[in-house]
Amino acid sequence: MLKIKDIYFHYVILWKANHLQVNIVKGKTILVTNDDGVYSPGLRLLYDAVKDLGKVFVVAPEVPKSASGLGLTLHKPLRITKLILDDMVVYAVNGTPSDIIHLALHVIAKKIDLVVSGVNIGDNTSVQVILSSGTVGAAAQAALEGIPAIAFSVAVESAEELEINFELQELIKRMVRVFVKEIIEYGFPKGVDVINVNFPTKVRKSIEIKVAKVAKLRFTEYVERRVDPRGREYYWLYGHPKEPEPGTDVYVVLVEKNIAVTPLRLDLNVPTISTDFNKFFERVLRNLGHALKA
């Protein structure tokens, strides 16, 4: 756990880390991406943070693709459009964040050493949210390709909320640089596929950086039924926040208002097969044998 005091005036630890003389490897290629689209302020924030740390490619969805997870576009051709946004060259793709990883690897950059995804508008905390997140999805797709990946998100409600909060922008930018420099200099942590970093909505003088486990659920989801003026039914998916468990990413970010850093593994295997599962499987085999003989 790291506590940063007087952050507005000094940015004590982060300022020092930002000014370390790190030997940046010139040949490193960094892919900056997101799921909020090419015009998101979070994308610009990431680019500004890492643009001098290697050869940087910015590739993002041409329109927002939130909650696209690891989804791929298989029903239409993918197209790439090159845009110039001030000093930032952006490749806009008419697909998902996962599509972008494949296009970046095989068409645009060819070689990628690190993927930095975000900064997402809205936090990506809990298994429930992470599995649907396009921001984490891009990082996860990169990890599946053997590329180190880190995802950044901030618990603001809108892009405008981030745009007017210059303190928060500066904190995020400095932290992104620290993480990326560390990875470039010393490599990615062993046994970790994706690093997921979530920021609260505001900067406090006593803000803390904590390693947090992933909560399982963040929302109690439900479907709201409505009727349009022509009498046809339509539906909204919605959810009410659940009471978060202390020590989880949700609790650290939304209750404590601190920064949560969560290492993720893309391993869906159960570590140990339980006795209960073995009994279940034995019954299945037994009943399957009876069914096939019938």
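For the sequence shown, this note's numbering gives the first residue as 214, with consecutive numbering after it.
Every residue, glycine too, gets a C-beta built ideally from N, C-alpha and C.
Continuous alpha helix (DSSP H) assignments of at least 4 residues falling wholly in the segment 237-276: For the segment 237-276, whole alpha helix (DSSP H) runs of length 4 or above, ordered along the chain, are 254-263.
Under the three-state reduction of DSSP, which class applies to H453: helix, strand or coil? DSSP places H453 in strand when its eight states are reduced to three.
If we require 4 or more residues per run, which alpha helix (DSSP H) segments fall completely within the segment 285-327? Fully enclosed alpha helix (DSSP H) runs of 4 or longer: 310-316.
Rounded straight-line distance, which links the Cα of D336 to that of V342: Across the structure, V342 and D336 are spaced so that their CA atoms are roughly 9 Å apart.
Let me confirm a value: I325 is counted as buried when at least 16 other C-beta atoms fall within 10 Å, else exposed. Which label applies? So I325 ends up on the buried side.
N-terminal and C-terminal residue of the beta strand (DSSP E) that I486 is part of: Segment: none, I486 is in no beta strand (DSSP E) and carries neither H nor E.
Work out the CA separation of S487 and D300 for me, nearest whole Å. Going from the Cα of D300 to the Cα of S487 covers about 56 Å.
Is R387 a contact residue of the ligand ZN, with contact defined as CB to any heavy atom under 6 Å? This structure lacks the ligand ZN; in fact it carries no ligand of any kind.
Is it a yes or a no for the segment 475-483 touching the segment 407-419, going by three-plus beta-carbon pairs under 8 Å? As far as the Cβ criterion goes, the segment 475-483 touches the segment 407-419, which means the pair count is three or higher.
Measuring alpha carbon to alpha carbon, tell me which of A273, D441, F392 and E458 ends up nearest L298. It is A273 whose Cα lies nearest to the Cα of L298.
Got a sec? Which residues, its chain only, sit under 6 Å from W228 by beta carbon, not counting five neighbours each side? Residue confidence for W228 is low, a pLDDT of 37 falling below 50, so the modelled location carries little weight; the figure read from the coordinates is stated next. Excluding positions up to five away in sequence, the list is empty.
Where in the segment 343-411 do unbroken runs of the beta strand (DSSP E), each at least 3 residues long, occur, reported from the N-terminal end onward? Here the runs fully enclosed are 362-367.
Between V302 and V497, what straight-line distance do the alpha-carbon atoms span, to the nearest angstrom? The alpha-carbon of V302 is positioned some 56 Å away from that of V497.
Is the Cβ-Cβ distance between G267 and S345 less than 7 Å? Contact flag unset, no.
Are T286 and G255 touching if we call contact CB-CB under 7 Å? Note that the C-beta distance between T286 and G255 is not below 7 Å.
G347 versus A504 - alpha carbon distance: The straight-line gap from Cα to Cα measures roughly 43 Å.
What separation, rounded to the nearest whole angstrom, lies between the Cα atoms of S339 and F392? Between S339 and F392, the C-alpha separation is close to 22 Å.
Can you tell me which of E458, T485 and N247 puts its alpha carbon nearest to the alpha carbon of A364? If we check each option's Cα against that of A364, N247 comes out closest.
Determine the extent of the beta strand (DSSP E) in which P476 is found, giving its start and end residues. Taken as a continuous stretch (DSSP letters only), the beta strand (DSSP E) holding P476 covers I472 to L477.
Would you mind stating whether P361 and L318 have Cβ atoms separated by less than 7 Å? Going by C-beta atoms, P361 is not nearer than 7 Å to L318.
Closest to V440 by CA distance: which of Y448, E434 and T433 is it? It is Y448.
Where DSSP assigns a beta bridge to N333, which residues make up the other side? Looking at the DSSP assignment, N333 forms a beta bridge with S366.
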